[in-house]
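K.L.:
So the sequence lines, in the order shown, correspond to chains H and V. The numbering used here puts the first sequence at residues 1 to 229. The numbering used here puts the second sequence at residues 1001 to 1610. The C-beta atom is built at its ideal place from N, Cα and C for all residues, glycine as well. Model, not experiment: these values are computed from the prediction.
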Amino acid sequence: MQTQIKIITLLFVLISSNLYSQTNYPFDMEPGFGFELQIGYPTLNLDPLKETRDNGLTSFEFPAKVTDDYPHLPYFQGELLYCSKLFDLGLAFSFLTTGTRVHYSDYSGEYKFDNVISNYEYGLIIKTKDVNRDSPYGVQSYVEVGYSSLRMKSTEYILIGNQKQSNDDLFTNTLLFCELGLKGNYYFDNFIASIGISYFLEFENELSIGFDGFRAHIGIGYRLPFSKK
Amino acid sequence: MSFFRLFLIFAVVIIAFTSCEYSPTGSNFHNIDSSFTPPIVNIQLPEPGQTIMIQDNIGYNLIYALNGDVSKLYKVLFYIDTSLIFESRSSMYLISMLKRTDKLLEEHVLRMIVINHSGTGSLADKLGMEGTYTERTWKLQIYNPNLFIPDSASYTIEDGILKLNWKKYPFDNFIRAEISKIFYEDNVSKNHNLVPVTDKETNWCYDRSYVGEQASYQIKLLYSVGSDILTFSFPEVSVPKDLPVFTFKKVDNSSIEVFWTKNKFYNSIASLTFSNTKLFPNFSVDSKYQSTIIKDLPLGSTENINVALVPNDSYNFSWVSVSVPVFTGDPSFKYLEFEARNGDNIYYLQNSTGYTYSFKLYKYSLSADKILDSVSLSTQTSRDNRVAISPSGKNIVYRTGNDLACCLNGDISHPKIITDLQLTGKSSNYGFDCQAISDNGILVAGLSGVYVYDLINDKLVCTMPANSPSELNISANGDYIALTNSGTITSKIYKIENGSAKMIIDGFVGYNFQFDNNINSKVYYYDVDNKSMKYLDCSSNVNTYMLSSFLIYLDLESGRAIRNIDSKNNEILDINNGLQSIYKYKSNNGSGYIKGDYIYFSSGLKCKLR
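1. Leu1045 of chain V and Arg1136 of chain V look like a contact to me (Cβ under 8 Å); what is the Cβ gap, rounded to whole Å?
2. Taking only the alpha-carbon atoms, compute the straight-line gap between Gly221 of chain H and Ile126 of chain H and give it to the nearest angstrom.
3. So, does the CB of Leu1123 of chain V fall closer than 9 Å to a CB anywhere in chain H?
4. Quick one: what's Pro48 of chain H bridged to in DSSP?
5. Is the Cβ-Cβ distance between Asn1312 of chain V and Arg1386 of chain V less than 9 Å?
6. Opposite Phe93 of chain H in the DSSP bridges: which residues?
7. Span of the beta strand (DSSP E) holding Arg1111 of chain V?
8. Under DSSP, the beta strand (DSSP E) around Leu1349 of chain V begins and ends at which residues?
9. Looking only at its chain, what residues have a beta carbon closer than 8 Å to the beta carbon of Leu1094 of chain V, apart from the 5 residues adjacent to it on each side?
10. For the putative contact between Phe1482 of chain V and Ile1493 of chain V, defined by C-beta atoms under 8 Å, what is the C-beta separation to the nearest angstrom?
11. Which partner residues of Trp1166 of chain V appear in the DSSP bridge assignment?
12. Roughly how far, in whole angstroms, is the beta-carbon of Ile1505 of chain V from the beta-carbon of Val1542 of chain V, given that I think they are within contact range, below 8 Å?
13. Could you tell me how far apart the beta carbons of Asp106 of chain H and Ile1115 of chain V are, in whole angstroms, since I believe they sit closer than 8 Å?
14. Quick one: grab the DSSP three-state call for Lys1126 of chain V.
15. Take the Cβ of Ser227 of chain H as the centre, count every other Cβ of all protein chains shown within 10 Å, and call the residue buried at 16 or more, exposed below.
16. Suppose you measure from the CA of Tyr188 of chain H to the CA of Ser135 of chain H; what does that come to, to the nearest Å?
17. According to DSSP, is Phe1338 of chain V helix, strand or coil?
18. Give the residues of chain V in contact with Ile218 of chain H, contact being defined as C-beta atoms less than 7 Å apart.
19. Any Cβ of chain H within less than 9 Å of the Cβ of Glu1087 of chain V?
20. Note down, in chain order, every chain H residue with its Cβ under 7 Å from the Cβ of Ile1009 of chain V.
21. Distance, Cα to Cα, Asp1199 of chain V vs Gly1059 of chain V?
22. Within the same chain, show all residues whose beta-carbon is closer than 8 Å to that of Val1461 of chain V, passing over the 5 residues directly before and after it, in chain order.
23. Under 6 Å Cβ to Cβ from Lys1250 of chain V, same chain only, skipping five residues before and after it: list those, please.
24. For Phe76 of chain H and chain V, any beta-carbon pair shorter than 9 Å?
25. Less than 9 Å between CB atoms is the rule here; does Glu156 of chain H satisfy it with respect to chain V?
26. Would His72 of chain H count as contacting chain V if we go by Cβ distances under 9 Å?
27. Going along the chain, which residues of its own chain have a beta-carbon closer than 7 Å to the beta-carbon of Arg223 of chain H, five neighbours each way excluded?
28. Determine whether the Cβ of Arg101 of chain H lies closer than 9 Å to any Cβ atom of chain V.
29. So which residues on chain H does Phe1171 of chain V lean against when the C-beta distance must stay under 8 Å?
30. Check for me: the beta strand (DSSP E) holding Gln1050 of chain V runs from which residue to which?
31. Kindly indicate the opening and closing residues of the alpha helix (DSSP H) around Gln1422 of chain V.
32. How many angstroms separate the CA atom of Leu1408 of chain V from the CA atom of Arg1341 of chain V?
33. Short of 8 Å in beta carbon distance, which residues of its chain neighbour Leu1447 of chain V, apart from the five on each side in sequence? Order them along the chain.
34. Taking C-alpha atoms, which residue in V:Ser1254, V:Leu1222, V:Phe1265 lies nearest to Pro1240 of chain V?
35. What is the DSSP secondary structure of Gly161 of chain H, counted as helix, strand or coil?
36. Assign Arg151 of chain H to one of three DSSP states: helix, strand, or coil.
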């Protein structure tokens, strides 16, 4: 219910700003292409994985330890946009990754368990036009829909003397997602600097882990030159 | 900047992003001492190499126990072949192994591995890869004794031979089938083992020694499990008696033809051996025949002949015998005493059932071929000659108790009783010794002395001295009396004249005196000294005439006499025709008595002269 309320609220903000921009749009811009790169922090929900790992550790007969514990790393996003008079429309690709390691070693050998999680998001993004193009500052709302593809790779490795044993396990899961966001832009020459916040929502996720939640990002973009009428 | 360049940048960015997959880092190294001393562990189990046998449905409880230094025990593992069946970290445990098999015997290898920690605490130590390793193996046999449940065995008859059949089991380790035959010989149970069947594909055998006797068979299969020999037995197979049926018919007085049926086991019978040492020498008949004639048999015999069915397979095996009753002659009557003179009647005596000295006297009519009358009597002793008949067969006297029952005109049911007291004036202990009666009613009785009594006039005629007379005879008219003393063993002839007895001949020993029916003064007797039958004529001068040697019985009415040739052979002679031989015969039952055309044997048979 809380998620639904959040979505409704964001949609309300998006629609309201879009309507406002449409009614106050002062320029007659030529269409053109643009490119943006973003880096930000996603929401990570990996606690169940940690619990499972920690529970497993208790049954180990040797004192293995967690040496790397799913660090909260930034995600990266690239956008290729077609900027029309009314909307910016384009393709978006996001990537985030993190992982963990359990390790033990002594003179007799080594035990290592690595778990790496990578999430790939492929989407179609639509952005509204800035409210006031006469100002170097602007605000855009946007919505992105696409597929979120999770790839979880585990490797368990034991080395006793010169006997080595390794087990690899790969798990993938692909979901439909939607991301709603709002960002502020600063225009200089053909470049754009931006900062924004969004809400990332995966549909029908039956896994105990996921990336639902708010995201914050900063970005830089480049637009092909456009002229005023 | 064109769109193409933007797109190229976008693609490069994607590739750059995905190449930045996270790689976990970090290390957790422990510096520990790697030195350790191997522990000494002893295993309490069967010795290595020993065979452990598990029964399919019971299982096997394997108890292992480790002693010594078990503080560093890591694991105990048990494998059957390569399959792990048990894993424990305990130094002692009870393992219930229940391994099923659909074979009679399965062989596996049981392997026990004991792993000890090194105790260093290293990763290899913790994973059981550093320390000591002990392995033992045993030969494991799993056998299923219930795999082969004995089915019922049966028998069939194939081409006249008994064939035993049993269920065939898929033995890999079949040894043999043992077949034991149980039969009865003279009511004694006997065993006979057939040749064992050693071919595992053969689930049958023939018994060529079985000819139809009542028998049962035990079939036992032997098979090996490891070094053990196990057996199981089929339920007993009973074969009911089915012997040939024997019958006979008389061919003539001394020959019979024996017939027998062809039984179901005809091909097991090689021959039939007939035996009865009293009747004939043993002889054999091939089994392809179904009858045989036995000739030259003794007359008047009622015997069982033994027929042995000789089987084809008679090796070390008793023959099966059948007892076949046969007789030579026609049924008449058994007798203890046979008394007949002239006339239509025969008087014979039989023992009464249950009493030693009790008898029954029968009066039998030859013409009517039936018993006319009978009367019971008893005596103080079992001595014979308890019945005497007058020469014409008209009057009869018999001893009963201490009395004499005198029957005139053949009426044995209404005798006139003459007591010993009545004749001798005193009671005797055993009654009269002997007695005779004439056709005209003169009774002569012996008891110490000899007493002559007139039954018609009821008066004692006279007495004669005697020394325990054993035989008395009187002529038809009562004028002549022959007696033989047993004390001095002498015989005398007396003539009764005017109420007194006059001895007319003395000084000889004779038996079986028999006065002629027509000539009162003529008496036949067997002369002991000369071992011959003679007769005397006492009418005027006493003359003795030789008749024949070994004559032992006369039928004066028919003029025939029996001559005893030897202990088994006899001859019928014609007295009136120069002692011409009429008929020769063998007998095992004495010479019998002749009356008319028949010889009567004490066995209960009569044979007509031919």
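P.N.:
Checking against the coordinates, here is how it stands:
1. 7 Å
2. 15 Å
3. Output row for Leu1123 of chain V: interface = yes.
4. DSSP output for Pro48 of chain H lists no bridge partner at all.
5. Between Asn1312 of chain V and Arg1386 of chain V, the C-beta spacing is not below 9 Å.
6. H:Gly78, H:Tyr122
7. 1105 to 1117
8. 1345 to 1351
9. Result list for Leu1094 of chain V: Asn1061, Leu1062, Ile1063, in chain order.
10. Inspection of the sequence shows that residue 1482 of chain V is occupied by Ala rather than by Phe. Right, their Cβ atoms sit about 5 Å apart.
11. According to DSSP, which records beta bridges pairwise, Trp1166 of chain V is partnered with nothing at all.
12. That belief holds up - the Cβ atoms of Ile1505 of chain V and Val1542 of chain V are roughly 5 Å apart, short of 8 Å.
13. About 19 Å; that fails the 8 Å criterion.
14. DSSP, reduced to helix, strand and coil, places Lys1126 of chain V within a helical segment of the structure shown.
15. Model confidence at Ser227 of chain H stands at a pLDDT of 46, short of 50, so the residue's coordinates are unreliable; what they give is reported in the following sentence. Exposed, by the Cβ-count rule.
16. The amino acid at residue 188 of chain H is misidentified as Tyr; the sequence shows Phe. If you take the alpha carbons of Phe188 of chain H and Ser135 of chain H, they lie about 10 Å apart.
17. strand
18. In chain order: nothing, as chain V lies at least about 16 Å away.
19. Closer than 9 Å: no.
20. By Cβ distance, chain H contributes Phe35.
21. 32 Å
22. Ile1442, Val1452, Tyr1453, Asp1454, Ile1496, Gly1499
23. Ile1256
24. For Phe76 of chain H, the answer is yes, since a Cβ of chain V falls inside 9 Å of its Cβ.
25. No, because no Cβ of chain V sits closer than 9 Å to the Cβ of Glu156 of chain H.
26. Chain V places no beta carbon closer than 9 Å to that of His72 of chain H, leaving this residue out of the contacts.
27. Short of 7 Å from the beta carbon of Arg223 of chain H, and not among the five residues preceding or following it, lie these beta carbons of its own chain, in chain order: Gly32, Gly34, Cys83, Asn190, Ile192.
28. Yes, Arg101 of chain H counts as interfacial toward chain V.
29. In chain order: nothing, as chain H lies at least about 48 Å away.
30. Neither: Gln1050 of chain V is in no beta strand (DSSP E) and is coded neither H nor E.
31. Counting along the chain, the alpha helix (DSSP H) containing Gln1422 of chain V begins and ends at 1420 to 1424.
32. 15 Å
33. Within the same chain, Leu1447 of chain V has close Cβ partners Asp1420, Leu1423, Thr1424, Ser1428, Gly1431, Phe1432, Asp1433.
34. Residue V:Phe1265 is the option with its Cα nearest to Pro1240 of chain V.
35. coil
36. Collapsing the DSSP output to three states places Arg151 of chain H in a strand.
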